[in-house]
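Asker:
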């Protein structure tokens, strides 16, 4: 029996981005398992570290999802670009929301951090702070996204549970702003 | 006493009854109305610091912290309005942004943390304020716990606990504004603190991960642990323990708030020493120092025990359960002599055991406390805490007579060596006790020396001359855990073990060292008993930990420890307190009672 094709509604265009994070939030996104098949019925993931097709330029999207915090000049530039091109920007995971582990360095001057990592580290034999102009400059402090751009939705968690991510995405697809409480959110 | 006036107020439209003097929060809680709190803790004075419990009072333009605001008859209270909830959220966001609350790397996360919980129920996802990321110190110099200032929310629950429950006031809040922080003593570290007793009550009452127990950090959140209520068997006070276990290991030990004796408080012995320290456990029977099976060990004992009844003796540690005492009494019929070994001067204290009903509660109500020949701050920390509270909070007089100095001396009106009998001192004692209406005398082993007895008689004589003074409350405070009940069952306390062993030519000696800490039977080591054992043909030691005793023994039988036992102990108030098994038995260890029954079958 053949079905008559019905006109499909336009898919929601999504970009995801990975700044200073551990990729755990993207792993958690993949942890929605078979529900991803349901998700791609409604969503086109155009730009992401976990898709094969790379765009030369960042596309304009409906939703931008960002993991990790802003640690260097390159990440700052990328995030600002995504903010311009995404209608809704989501900070996914504790690094994006609070700074989390990368922000531990904020208690110390940047110079000391670099010296500890590149000059005093027991494992480092070269003993030189990278200074090639191609290497993006570290910012004096690591910043959660909202200190750099306007963030529309925060999803805390390290990483957020797959169920939390699924809940947030389905709510957004249904046209609602997800409401988090003790049942569907955690900070750790 | 006049009954407090009944009042009634309306909270969220619900009429709530209460008593004059109660706070709004008290009445709301009693009526199952939820108001979020962080700095409030039942049993401590109101602090009003976290501002989460703010409520609106009709007719007042200001909001009020419900934990610190006395309820007024007829007022109308609103606990959750748009304005209040917005303020609470803002307060929480300020708390989150002020210090480095990095939940994923906190040992206290996943459901235990009060700050996290409040964040969840208020739906806080992102923080609107800039994070301050201050550089703050972590102090891990204390033996059993540490303080991480990064996670502190300055609720001062630890400060109040230290001051109002343990009574030492080691912790306090120093500096102002953004530099405000919890300090130890005069801004030193826990390790260098002269006042900290390591009781760990502050850690148990900390709502975040700022104060943490080293041995339980990252070992599992207590909300997911099994909880077993049991009794501490380290001293005769018998405090209630709430033991948290997970996958057959102890995660933490807290005081049982419903314990009739200690009401949730513990000292360092019960809180940490029994589990947070590595101890050299004996897990299999040993014959001549080599591991053996139980059958081999029992056969070796049978061989060594083929001597006359008069040549056999049984020596028991004063810390076994009442059920084991029954087995000891049964075994006593098969040996020439039986005794329990107790500390110096303790024999006289245990020989005529007296139990004081409800001693700890009455002690806190006393208006004059005399401590004579006892060191509660070393041996019975919870008694010392009660004394400090009575003296510091209720203004009770304190007189300490002991040869050794202790931290109680600094709170004492009179602190003297027990042998000092100068008349000048006695004039001062008389003056101090002049108005005592509810005196209490806490006497320990050293009160049983001739001079100690003289001092005590003199004190009682002084108290008797006081007009209107009731009978002094006498609390006997032995060091040994269950010595009083064991003495009641007819086991003779002996302190001079040397002469006791030499009195008869012994060929077989069975020692029940049980789970005595510091490797078992330090008391016997003090009396040079291990050296004496070499003269005896066959020495059998049943013990949980390795010690000089077990090295000298021909046969060592592994005994269970406090968290594997079941039975009862009797505390100094005469209460029968349950000892429940918390963990399954480790290795080949067996219960003291079962071992005695199989050896003396």
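Protein chains in written order, with the numbering used here: chain A, 545 to 732; chain B, 15 to 615. Ideal placement from N, C-alpha and C gives every residue a C-beta, glycine not left out. Note that the structure is predicted; figures quoted are calculated from it, not measured.
1) Going along the chain, which residues of its own chain have a beta-carbon closer than 6 Å to the beta-carbon of residue 150/B, five neighbours each way excluded?
2) Determine, using beta carbons only, whether residue 702/A comes closer than 8 Å to chain B.
3) What is the DSSP secondary structure of residue 525/B, reduced to helix, strand or coil?
4) Give the straight-line distance between the Cα atoms of residue 58/B and residue 253/B, rounded to the nearest whole angstrom.
5) What is the residue span of the beta strand (DSSP E) that residue 91/B lies within?
6) Taking DSSP's pairing of strands, which residues face residue 21/B in a bridge?
7) Would you decide whether residue 542/B is buried or exposed? Buried here means 16 or more other CB atoms lie within 10 Å of its CB.
8) Are the Cβ atoms of residue 623/A and residue 704/A separated by less than 8 Å?
9) If we cut at 8 Å on Cβ distances, does residue 50/B have a partner in chain A?
10) How far does the alpha helix (DSSP H) with residue 132/B in it extend, from its first residue to its last?
11) With burial defined as no fewer than 16 other Cβ atoms inside 10 Å of the residue's Cβ, what is the status of residue 291/B: buried or exposed?
12) Rounded to the nearest angstrom, how far is the Cβ of residue 594/A from that of residue 706/A, given a contact under 8 Å?
13) Can you grab the Cα-Cα spacing for the pair residue 362/B / residue 460/B, in whole Å?
14) In chain order, what residues of the same chain lie with their CB nearer than 6 Å to the CB of residue 533/B, ignoring the 5 residues before and after it?
15) So, helix, strand or coil for residue 698/A, using DSSP?
16) Are the C-beta of residue 145/B and some C-beta of chain A separated by less than 8 Å?
17) Could you check where the beta strand (DSSP E) with residue 77/B kicks off and where it finishes?
18) For the candidate residues 188/B, 172/B and 269/B, whose alpha-carbon lies nearest to that of residue 12/B?
19) When the distance is taken between beta carbons, is residue 683/A closer than 8 Å to residue 605/A?
20) Is the beta carbon of residue 405/B closer than 8 Å to that of residue 432/B?
21) So for residue 172/B, helix, strand or coil by DSSP?
22) As a quick exercise: from 135/B, 33/B, 85/B and 87/B, pick the residue whose alpha carbon is nearest that of residue 51/B.
23) What residues from chain B crowd round residue 698/A, counting only those whose CB sits closer than 8 Å?
24) Pop quiz: residue 526/B and residue 334/B are said to be a contact at Cβ under 8 Å. What is the actual Cβ separation, rounded to whole angstroms?
25) Does residue 647/A have its Cβ less than 8 Å from a Cβ in chain B?
26) Can you pull the DSSP bridge partners for residue 562/A?
27) Just tell me which of 116/B, 36/B, 62/B and 155/B has its CA closest to the CA of residue 84/B.
28) For the beta strand (DSSP E) holding residue 556/B, just list the boundary residues, first then last.
29) Let me see if you follow: with CB-CB separation under 8 Å, is residue 719/A close to chain B or not?
30) Check distances from the C-beta atoms of the region 631-659 of chain A to those of chain B and list, in chain order, the residues that come in under 8 Å.
31) Flag residue 724/A as yes if its beta-carbon sits less than 8 Å from any beta-carbon of chain B, otherwise no.
32) Going by C-alpha distance, which of 603/B, 582/B and 577/B is nearest residue 262/B?
33) Pull the bridge partners of residue 240/B from the DSSP assignment, please.
34) In the region 632-699 of chain A, which residue ranges form an unbroken beta strand (DSSP E) of at least 3 residues, counting only runs that do not cross its ends?
35) Answer with buried or exposed for residue 146/B, where buried requires no fewer than 16 other C-beta atoms within 10 angstroms of its C-beta.
36) Would you be able to state if there are at least three C-beta pairs under 8 Å between the region 542-557 of chain B and the region 271-285 of chain B?
Answerer: Reading off the structure:
1) Here residue 150/B corresponds to residue number 136 of the second chain, with the count starting at 1. So the qualifying residues of the chain are 163 and 164.
2) One-based indexing of the first chain puts residue 702/A at position 158. Closer than 8 Å: yes.
3) As a first step, residue 525/B must be located in the second chain, where it is residue number 511. DSSP places residue 525/B in strand when its eight states are reduced to three.
4) For the purposes of this step, residue 58/B is taken as the residue at position 44 of the second chain. For the purposes of this step, residue 253/B is taken as the residue at position 239 of the second chain. Roughly 20 Å between the two C-alpha positions.
5) As a position in the second chain, residue 91/B is number 77, starting the count at 1. Its beta strand (DSSP E) spans residues 90-92.
6) The count along the second chain starts at 1 and reaches residue 21/B at position 7. Its beta-bridge partners are 32/B.
7) Numbered from its first residue, the second chain carries residue 542/B at position 528. Per the 10 Å Cβ criterion, exposed.
8) In the first chain, residue 623/A corresponds to position 79, counting from 1. In the first chain, residue 704/A corresponds to position 160, counting from 1. Cβ atoms of residue 623/A and residue 704/A: not closer than 8 Å.
9) Within the second chain, residue 50/B is the residue found at index 36, counting from 1. For residue 50/B, the answer is no, since every Cβ of chain A falls outside 8 Å of its Cβ.
10) One-based indexing of the second chain puts residue 132/B at position 118. Looking at the DSSP string, the run of the alpha helix (DSSP H) that includes residue 132/B is 128-135.
11) The count along the second chain starts at 1 and reaches residue 291/B at position 277. Burial call: exposed.
12) Taking the first chain and counting its residues from 1, the one referred to as residue 594/A is at position 50. Taking the first chain and counting its residues from 1, the one referred to as residue 706/A is at position 162. Contact between residue 594/A and residue 706/A does not hold, since the beta-carbon distance rounds to 14 Å and is not under 8 Å.
13) Counted from its first residue, the second chain places residue 362/B at position 348. Counted from its first residue, the second chain places residue 460/B at position 446. Roughly 10 Å separates the two Cα atoms.
14) Within the second chain, residue 533/B is the residue found at index 519, counting from 1. Reliability fails at residue 533/B, whose pLDDT of 48 lies under 50, so the model's placement of it is uncertain and no value is given.
15) Mapped onto the first chain, residue 698/A falls at position 154. It is a strand residue.
16) By one-based count along the second chain, residue 145/B stands at place 131. Using a Cβ-Cβ cut-off of 8 Å, residue 145/B counts as an interface residue toward chain A, since at least one Cβ of chain A sits closer than that to its own.
17) By 1-based counting over the second chain, the position of residue 77/B is 63. 77-79 is the span of the beta strand (DSSP E), which, as asked, contains residue 77/B.
18) Because residue 12/B is not part of the residues shown, which for chain B are 15 to 615, the question remains open.
19) Working through the first chain from its first residue, we reach residue 605/A at position 61. Working through the first chain from its first residue, we reach residue 683/A at position 139. Annotated as distal: residue 605/A and residue 683/A, with beta-carbon spacing of 8 Å or more.
20) The residue given as residue 432/B occupies position 418 in the second chain. The residue given as residue 405/B occupies position 391 in the second chain. Against a cut-off of 8 Å, the Cβ pair of residue 405/B and residue 432/B comes out as no contact.
21) For this step, residue 172/B is matched to residue 158 along the second chain. It is helical.
22) Looking up residue 51/B in the second chain gives position 37. For residue 51/B, the closest C-alpha among the options 135/B, 33/B, 85/B and 87/B is that of 135/B.
23) Taking the first residue of the first chain as 1, we reach residue 698/A at position 154. Ordered by position in chain B, the residues that pass the 8 Å Cβ test against residue 698/A are 139 and 140.
24) Indexing the second chain from 1 puts residue 526/B at position 512. Indexing the second chain from 1 puts residue 334/B at position 320. So it is a contact: roughly 6 Å between Cβ atoms.
25) Taking the first chain and counting its residues from 1, the one referred to as residue 647/A is at position 103. For residue 647/A, the answer is yes, since a Cβ of chain B falls inside 8 Å of its Cβ.
26) As a first step, residue 562/A must be located in the first chain, where it is residue number 18. Beta-bridge partners of residue 562/A (DSSP): 611/A.
27) Here residue 84/B refers to the residue found at position 70 when the second chain is read from its first residue. Closest by alpha carbon: 36/B.
28) To locate residue 556/B, count along the second chain from 1; it is residue 542. Start and end: 552-557.
29) Numbered from its first residue, the first chain carries residue 719/A at position 175. Chain B contact via Cβ: absent.
30) Cβ contacts with chain B come from 635, 638, 641, 642, 643, 644, 645, 647, 648, 650, 651 and 652.
31) Position 180 of the first chain holds residue 724/A. Residue 724/A counts as touching chain B.
32) Reading the second chain from its first residue, position 248 is the one you call residue 262/B. Check the Cα spacing between residue 262/B and each of 603/B, 582/B and 577/B: the tightest is with 577/B.
33) Taking the second chain and counting its residues from 1, the one referred to as residue 240/B is at position 226. According to DSSP, which records beta bridges pairwise, residue 240/B is partnered with 259/B.
34) 682-687 and 697-699, all fully within the region 632-699 of chain A.
35) Walking along the second chain from the start, residue 146/B turns up at place 132. Classification for residue 146/B: exposed.
36) No, because fewer than three Cβ pairs between the region 271-285 of chain B and the region 542-557 of chain B fall closer than 8 Å, the two stretches do not touch.
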